[in-house]
């Protein structure tokens, strides 16, 4: 790459610019839309000029949605909070369960080990609906219907296999010699695991956790079926702006912007872990 | 493999229970999921509509046999496979190209790679909503652009001719960044020596790409492809909010059909049978990928 | 202050104070218009409290499942009165229509006791009833110890009472003597034409009187207006595409969804008349419908009319009503017109949609739930909704006779009452009640989409549809 010509550099620049436009334009447009009134949005032809209003955000944050037929209460901020709670708790639990298991599969060859690993991975193969249909019945019997605990359990289907898969690869790539030396020095297995193995695998665990968080946050179908209005996350809550007396486009746009912001902030904060964490062994196995 | 050798034999007896203890909690949590899975298998062998309780009865493979002669079923198989092949194919190609463009560590490249992650942060169901707004024929900005370019009557998701294109476009928008980030991580972690050697020998760049870069990147490509394949064949989040499987039966993929069979027609038996077939297809396709992945891993280990 | 205000409103109710004085007085008491409305109804609510132990379940808590709809809004606005009247606490989950019915199915199919009562349509009870998810309400309605003496069930329009009762036999007549009352009518809509008077004047056309005329009018509007399209109808891949304008027109040509022979159903969409009707309908959409018709639901049809993107809709009368008010761009410009699609027909035959209240069979406090249901469908609440909120169309005959309600509508919604009076005699549910309702209507919508997209010729598509439905009927033991 040291010998790139000027023409090639120009072409690369153009290609990158086009790519950035393709991926970012929709978000920019929705962002602009969120500051417009319904009337401005419905203008034909569409125009980039408008008087910005914060009304859409005010309606979402205060939870008061004004429609033709009066004011509606919308617990959008609560939905947002639910998303934070569900995703954080799910990933935290998946890490507590998944990292030791990943370590076990990476460091020990034990009877049925590969079978257990494969079984855990294969939960990703099951179509979500296949599990959901009977599960809603069992949840009723177990009293888990419409509880955070029930939802967090189901979210393990998304988070756990992902964390196992990535973290296991990461552990396998780290030479066990250091741990071995530490053990020989007389330290317990547990302190070897917590003091040496986990810190060494830190970037991989962070990357896996971040990806799992994104996938939990973005989940739609589990929450659609299993959660009631006060437990549902934003992915389902964003549908609430379609009312019988009209579609509130500006508020939908504002809701989209608000629902993307937390994952975005997290990703910006942790982005260095994503590329670095995924690059070492993790994915290539 | 090396892990076994390094586990000191002296500890072996004492630590034998350890791996089970470590993996058991994860397994127990997931086993709970296995029960509904088996229930669904049982349901799929029943004639079972919730609103015709008197008709409920065991019919063995009746639901499955019914699909063989059902043109609508084969349409679902075809649409699902088409959707999967298109999305996974396009996203791999596109994601690889972007990763190659961004391979060099510069401040601009790093900034762009972070910006490109934005669509991945957008939930697919919400992305579908966004694109629905943008392709609205009255005020949608994309419809306006397309019209300004002189293309009349391009109707995005509401025309059977362009519906598949539209949902694939949304899928590509959401998930290409996922592939891009995995492949970028892969590219940046490749060892430097083979490339330096090739550069010294004056090997043409295309040759370097096909003979060195691509083979070394293969494990990453296979993993990325596997994860996308699993999601793509089970597509629901984008198609259902955008068209509910329409227009006509153009986008009636497995999960959308199964969802309608259950939540609208309350046909539990048929819905479960559809999903079991989807599970079998997913399992078979994933096995191909995982075998490939294991083979590549063995080779990589052998080389190392 | 609260008591003083209450006395004041009671005085108004009994005619001692005029409405003007009331509003003045309310202003002095520092009440806003909204709380004035609420207190006004508080007086009415206390009036129904006589001779009935409303407090029997005081302290219990009800949980409702509601669709985001003006009817629900009106009920929620009046809810404090119910709480005071009964001492019951009421909470609710409210979902948009896109996912509402899936939520209901999800809750009921898992035998959830979470919700005591919920909103539904009559068609849905053809699934919920046989599945054992909802209660037959006759035992409650007919029991004087459970229903307050002022309830007056017979005041509910007879057509609506019949349409929400079914004996569970596939093809059985609605409202037959052995029918079970699966739900209580709450508010309803029938299908007619709503048009933009300004646009019609501009193009120099009059509202069409039948389908062939409508096709021409819509085409002329599309051509002359240069922007807005002529006619909005629904087109998404869903049962909701079939039941409004489409089925109303279809029935007007004397066509049925099924024929019944010896208890066996047979699909009837492939008669010659049906094929001709479908051809006209498809032509109308192709020539003058919305460009992305195949994604159109209630929301898009309405939003376009309200925003001036369409000149006409053939859909629910109340959809036109909502678009004629509020902050819609075309508010005040809309006109209403009863519509008989068949030039040979004497009167319109609108298919109706009835928002109703149903009782969850798995609920743990059914008698208390019935307290809510009888209050929500009482004359007092219906009257409050019709006068003060957008609770149109009310289901009680006495409300339709109320001057205040009629004057409010006549003043702000030109031609609405005339439209209603001409449409309502022929209005009822024109579907054959049977358990495969959603399978059949979804496939019917799918077939319409294919015909409009010119993927299959109309004749061939309808033969295929009928054959496919007959096969499914046979599989289900109905055909």
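Residue numbers (my numbering), protein chains in the order written: chain A, 1 to 285; chain B, 286 to 589; chain C, 590 to 1068. C-beta: ideal position from N, C-alpha, C; glycine also.
Relative to the C-alpha of residue i, which candidate in the options has its C-alpha closest?
| i | options | result |
| --- | --- | --- |
| residue 528(B) | 508(B), 449(B), 468(B) | 449(B) |
| residue 578(B) | 525(B), 445(B), 521(B), 511(B) | 511(B) |
| residue 864(C) | 881(C), 839(C), 876(C) | 839(C) |
| residue 886(C) | 853(C), 934(C), 835(C) | 835(C) |
| residue 1066(C) | 712(C), 1023(C), 785(C) | 1023(C) |
| residue 271(A) | 421(B), 385(B), 517(B), 470(B) | 470(B) |
| residue 170(A) | 35(A), 277(A), 29(A), 12(A) | 277(A) |
| residue 794(C) | 778(C), 785(C), 806(C), 800(C) | 806(C) |
| residue 514(B) | 487(B), 532(B), 416(B), 365(B) | 365(B) |
| residue 940(C) | 927(C), 946(C), 738(C) | 927(C) |
| residue 756(C) | 777(C), 788(C), 717(C), 742(C) | 717(C) |
Which whole-angstrom value is the C-beta distance of residue i and residue j, which I expect to be below 8 Å?
| i | j | result |
| --- | --- | --- |
| residue 455(B) | residue 523(B) | 5 Å |
| residue 965(C) | residue 771(C) | About 16 Å; that fails the 8 Å criterion. |
| residue 906(C) | residue 1009(C) | 7 Å |
| residue 124(A) | residue 161(A) | 5 Å |
| residue 893(C) | residue 819(C) | In fact, because the Cβ distance is near 11 Å, the residues do not count as touching under 8 Å. |
| residue 698(C) | residue 951(C) | About 11 Å; that fails the 8 Å criterion. |
| residue 502(B) | residue 468(B) | 7 Å |
| residue 1059(C) | residue 855(C) | 6 Å |
| residue 104(A) | residue 462(B) | Contact doesn't hold; Cβ gap of about 32 Å is too wide. |
| residue 1012(C) | residue 779(C) | 5 Å |
How about residue i and residue j: do their beta carbons lie closer than 9 Å?
| i | j | result |
| --- | --- | --- |
| residue 925(C) | residue 1005(C) | yes |
| residue 83(A) | residue 199(A) | no |
| residue 841(C) | residue 938(C) | yes |
| residue 134(A) | residue 328(B) | yes |
| residue 754(C) | residue 949(C) | no |
| residue 682(C) | residue 660(C) | no |
| residue 229(A) | residue 684(C) | yes |
The alpha helix (DSSP H) that contains residue i, what's its start and end?
| i | result |
| --- | --- |
| residue 1010(C) | 1005-1012 |
| residue 947(C) | Counting along the chain, residue 947(C) falls outside any alpha helix (DSSP H), though it belongs to the beta strand (DSSP E) covering 941-948. |
| residue 404(B) | 403-406 |
| residue 660(C) | 659-675 |
| residue 781(C) | Unbroken run through residue 781(C) is the beta strand (DSSP E), 773-785; no alpha helix (DSSP H). |
| residue 528(B) | 524-528 |
| residue 720(C) | 711-720 |
| residue 192(A) | 189-192 |
| residue 697(C) | 686-698 |
| residue 1000(C) | 992-1001 |
| residue 235(A) | 234-237 |
| residue 180(A) | 177-184 |
Where do the N-terminal and C-terminal ends of the beta strand (DSSP E) with residue i fall, by residue?
| i | result |
| --- | --- |
| residue 863(C) | First-last for residue 863(C): 861-877, but that is the alpha helix (DSSP H), not the beta strand (DSSP E). |
| residue 75(A) | Counting along the chain, residue 75(A) falls outside any beta strand (DSSP E), and DSSP gives it neither H nor E. |
| residue 340(B) | No beta strand (DSSP E) contains residue 340(B), which DSSP labels as neither H nor E. |
| residue 824(C) | Taken as a continuous stretch (DSSP letters only), residue 824(C) belongs to no beta strand (DSSP E), as it is neither H nor E. |
| residue 924(C) | 923-926 |
| residue 552(B) | That residue, residue 552(B), is in no beta strand (DSSP E); it is neither H nor E in DSSP. |
| residue 741(C) | Unbroken run through residue 741(C): none, as it is neither H nor E. |
| residue 1067(C) | Where residue 1067(C) is concerned, there is no enclosing beta strand (DSSP E), given that its DSSP letter is neither H nor E. |
Select from the stretch 426-457 of chain B all residues with a C-beta closer than 8 Å to any C-beta belonging to chain A, and list them in chain order.
426, 429
So if I threshold CB-CB distances at 7 Å, which residues from the stretch 819-832 of chain C count as touching chain B?
825, 826, 827
When Cβ atoms are compared, which residues of the stretch 1020-1044 of chain C fall closer than 7 Å to chain B?
1024, 1027, 1028, 1031, 1035, 1038, 1039, 1042, 1044
Contact residues within the stretch 682-702 of chain C, judged by C-beta distance below 9 Å to chain A:
682, 683, 684, 685, 686, 687, 688, 691, 692, 695, 696, 698, 699, 700, 701, 702
Between the stretch 126-153 of chain A and chain C, which residues of the former have a C-beta closer than 8 Å to a C-beta of the latter?
Those residues of the stretch 126-153 of chain A that come within reach of chain C (Cβ to Cβ, closer than 8 Å) are 136, 137, 139, 140, 145, 146.
Would you list, in chain order, the members of the stretch 957-980 of chain C that have their beta-carbon closer than 8 Å to a beta-carbon of chain A?
978, 979
For the stretch 334-355 of chain B, which residues have a beta carbon sitting closer than 8 Å to at least one beta carbon of chain C?
334, 335, 336, 337, 338, 340, 351
Taking Cβ-Cβ distances below 7 Å as the criterion, which residues of the stretch 246-279 of chain A are in contact with chain B?
249, 252, 256, 259, 260, 263, 264, 267, 268, 271, 274, 275, 278, 279
Identify each residue in the stretch 523-537 of chain B for which the Cβ-Cβ distance to at least one residue of chain C is less than 7 Å, and report them in chain order.
528, 529, 530, 531, 532, 533, 534
Residues, ordered as in the chain, of the stretch 208-228 of chain A that lie near chain C by beta-carbon distance below 7 Å:
224, 225, 228
Could you name the residues of the stretch 379-400 of chain B whose beta carbon sits closer than 9 Å to any beta carbon of chain A, in the order they occur along the chain?
379, 382, 383, 386, 387, 388, 389, 393, 394, 395, 397, 398, 399, 400
Using a Cβ-Cβ cutoff of 7 Å, what residues of the stretch 551-570 of chain B are near chain C? List them in chain order.
551
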